[in-house]
Structures are given as structure tokens and as C-alpha cells.
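To start, the structure itself, in C-alpha cells.
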């Protein structure tokens, strides 16, 4: 389960996430998971681990973009299906701020995963606000657990 990127996403050929034609000659990636977080069973992790150690071919080509390689190419070779967590997953600080400003104080955060960009000066405050909301929503009064 993850934030699924659709089959047909084009590999970047320049920039930070560049993959050369030599390393990956095809023009499209299979469906794969964005790398912030994905959930899988220990059994599935074992299958992916074993598939990663099969010589290529018959295993898919190894590429350095691990999200594509593990959750795309290896998963495809094992005929795995992805499950979407998209509605519980965000990279968007503005979305988080909007929810914090309009939600009831005791409302549980609607996110399972939030990617906070540490280059944004407000990331620490957003983390604290989300944590406090989660505590309130779940009636947690024990203050022995703290992020900072």
C-alpha cells in the first residue's frame, strides 16, 4: 500500500532523478510507489528481497531509483498489485495548514503520511500541531511521549 504513481510515467533523463537510456532503455515506467513510505508484509518483503537477488535477466534490470526498481520493476516481475493510500498521504504544506485551520480541535488528522519539507521554516510547527491534534483525537494525556 502506497502513494501509487501510474504506469506510463516517463523516466527523467536529466536532473536529480535522471536514469540513462543505457540503464533503462524503455520510455515508460511500470506502476510504482512514491518513496516517502509504503506498507508491506514481512512475507512480501521476503519475496521482493529474493527477486532482487536473481541475476538479470530474467530479473528486471537494476536501476538506482529504488522506488521504481523495488516497487515497480520487481513488483511487476512478481505480478504484485499496488493498493492506493493516496487519500491519506500528502506532500502539501498548504493542505495541512488548511486542514488545521478548519477542522474541529478533537478531529483526528486525515493523514497517515505527511512529508514535511525541512527547508520550509514552518515544518516544525506543522509537525507539533499535527501531533497535538492526534493526541487530542485519541484522548492521550500521557505527556511522556514527545517529538521535541
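Residue numbers (our numbering): 525 to 672. No residue lacks a Cβ here, since even glycine has one placed at the ideal position from N, Cα and C.
query, result
"So what's residue 636 in DSSP terms, helix, strand or just coil?", "coil"
"Figure out for me which residue from 539, 616, 600 and 562 has the closest Cα to the Cα of residue 640.", "616"
"Per the DSSP calculation, residue 556 is bridged to which residue(s)?", "529"
"Considering only C-alpha positions, which residue in the set 575, 603 and 588 is nearest to residue 541?", "588"
"Over what stretch of residues does the alpha helix (DSSP H) that includes residue 578 continue unbroken?", "Residue 578 -> no alpha helix (DSSP H), and no H or E assigned at all."
"Can you confirm whether residue 560, when its beta carbon is compared against all beta carbons of chain D, has any partner nearer than 8 Å?", "Going by chain labels, chain D is absent from the structure shown, which holds only one protein chain."
"Applying the 10 Å Cβ sphere with the 16-neighbour rule, what's the burial state of residue 606?", "buried"
"Compute the Euclidean distance between the alpha carbons of residue 566 and residue 602, then round it to the nearest angstrom.", "15 Å"
"At which residue ranges does the stretch 593-630 contain complete beta strand (DSSP E) runs of 3 or more residues, listed in the order of the chain?", "none"
"In the DSSP assignment, find the alpha helix (DSSP H) that holds residue 657 and state where it starts and stops.", "647-661"
"Among 576, 630 and 582, whose alpha-carbon lies nearest the alpha-carbon of residue 592?", "576"
"Hey, residue 585 and residue 555: beta-carbon distance below 8 Å or not?", "no"
"Considering only residues of the same chain and omitting the five flanking positions on each side of residue 614, which have a CB-CB separation below 6 Å?", "635 and 638"
"Whole angstroms is fine: what's the gap from residue 557's alpha carbon to residue 548's?", "18 Å"
"Would you list the residues sitting across from residue 677 in a DSSP beta bridge?", "Residue numbering for the chain in the displayed model covers 525 to 672; residue 677 lies beyond these limits and cannot be assessed."
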